[in-house]
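In our numbering, the protein residues as written are 10 to 468. The beta carbon of each residue, even a glycine, is placed where N, CA and C say it ideally should be. Only a predicted model underlies this, so the values are computations on that prediction, with no experimental measurement involved.
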Ligand SMILES: Cc1cc2nc3c(=O)[nH]c(=O)nc-3n(C[C@H](O)[C@H](O)[C@H](O)COP(=O)(O)OP(=O)(O)OC[C@H]3O[C@@H](n4cnc5c(N)ncnc54)[C@H](O)[C@@H]3O)c2cc1C
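Following this line, the structure appears as structure tokens:
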């Protein structure tokens, strides 16, 4: 039976908030989205350069992103997603080693031959074994067992550090297993997807459909407090005043959400785990007059590089979406408390460009049309053993306050697809049926078929 229309507030206008708002508005509820920044899209947000829009942080889709692709279908824009074959390489001692096939791995000189075989076996086993029990085993011990100490130290450890810094020790093997399986691609080779007009096109379309269904979107409206009033209704306070709602959906990362929760509400939500911390990220985006490599992703996880990856998104994106320029993101995951996270832009620019020129000695400053630096403090939850039990539930205060955030996405990869899946679970907890949306189990079954490819999948 259809539930009576409710007045529902959504905190956050990233992909989680937009998915919740869209489906609730389509179900006949009165939704109000509060977004603190001047744009929708959260971590997938954009900026303008010479009349075109670009993501502040590199973004792409995978063929296995079923729930996201079905949402784009529901928005009428799935046919604007295009796909390209993409490749991965590993930089070592001034050379670039493609790592896309079993043959590539056999030729991977940075590892001893025996270690190459063991890394290959790890890839094979990772695909074949079930994920059972892996939440309670560390990635370190799982990979060391499969690949051996030497291959772990030389190959896997730098990549884990690239994502989690010195807090990689406790990350469960289930996290790795899921990434490994998601990004392996089809046997014919890896494909990635992008949408005409960039991710802004997606958020613009969300906004249009949500408002067409009567939803309201408040940009530049930072929520300061949320609480429950004496009648048990939720209250949302911004600089413009306090508004009362029947229900509330929180989509902010937990550390940001926690700060807003007033005392009455807090007392009623013991299930909200606030112990999960997050890694942040710096992206240094360069617009180049020429390409750097043919690879979408070049891993540079050794400590001599100030960044862990060179992501050349123009190997995927169409010239119509970027102009004639080539687009490269240098990326580094860091905790927000790490002093490098707050390094002045000028220092990052100087050090990172110099390091890039070491990797690519023929790159001159004349090749750089422009560059931009972006930081995000709350990106990837830092997972710990038994993380599944730490993921907060969808319903925080019965019938009233709901959560759809990145802390719950585990073990699915934090991504737009993962957030759509989580939003759909939260909507189900609210009693909203999403048409054509698969259950999480169905979505998981849509992972790409096994392939012989051994890409380490740390992107
Ligand atoms: C470098 C990088 C690369 C990535 N690459 C990919 C990729 O290739 N493919 C992919 O699918 N995903 C990728 N992701 C991950 C993806 O962007 C995230 O998983 C996803 O955007 C999370 O969405 P969300 O809505 O849950 O949270 P968020 O995007 O964090 O949205 C939360 C929103 O809440 C708002 N907010 C915060 N506090 C308040 C407040 N007090 N009041 C009101 N609003 C508030 C924020 O401004 C934000 O808009 C990448 C992320 C990064 C950083």
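- Between residue 418 and residue 427, the C-beta gap is smaller than 8 Å, which places the two residues in contact.
- Following the DSSP letters along the chain, one finds residue 426 inside the alpha helix (DSSP H) bounded by residues 425-438.
- Remark: the C-beta of residue 190 is outside contact range of ligand 1, defined as less than 7 Å to any heavy atom.
- DSSP, read as helix, strand or coil, puts residue 369 in coil.
- Along the length of the stretch 109-162, whole alpha helix (DSSP H) runs at least 4 residues long occupy 111-115, 122-137 and 148-156, reported in chain order.
- According to the DSSP secondary-structure assignment, residue 384 is paired through a beta bridge with 291.
- According to the DSSP secondary-structure assignment, residue 306 is paired through a beta bridge with 97 and 320.
- For the pair residue 274 and residue 237, the CB atoms are nearer than the 8 Å cut-off.
- Here the C-alpha atom of residue 340 lies approximately 27 Å from the C-alpha atom of residue 283.
- In this structure, ligand 1 has no non-hydrogen atom nearer than 7 Å to the beta-carbon of residue 382.
- For the pair residue 411 and residue 430, the CB atoms are not nearer than the 8 Å cut-off.
- Excluding sequence positions up to five before and after residue 314, its CB lies within less than 6 Å of the CB of 364, all in the same chain and listed in chain order.
- Per DSSP, residue 314 lies in no beta strand (DSSP E) segment and is marked neither H nor E.
- Residue 180 is positioned such that its CB atom lies closer than 8 Å to that of residue 147.
- With fewer than 16 neighbouring CB atoms inside 10 Å of its own CB, residue 122 falls in the exposed class.
- Taking the CA atoms as reference points, residue 247 sits about 25 Å from residue 279.
- In this structure, residue 96 sits away from residue 338, with a CB-CB distance that is not shorter than 8 Å.
- For residue 64, DSSP records a beta bridge to 55.
- Look at residue 233 here: in three-state DSSP terms it is strand.
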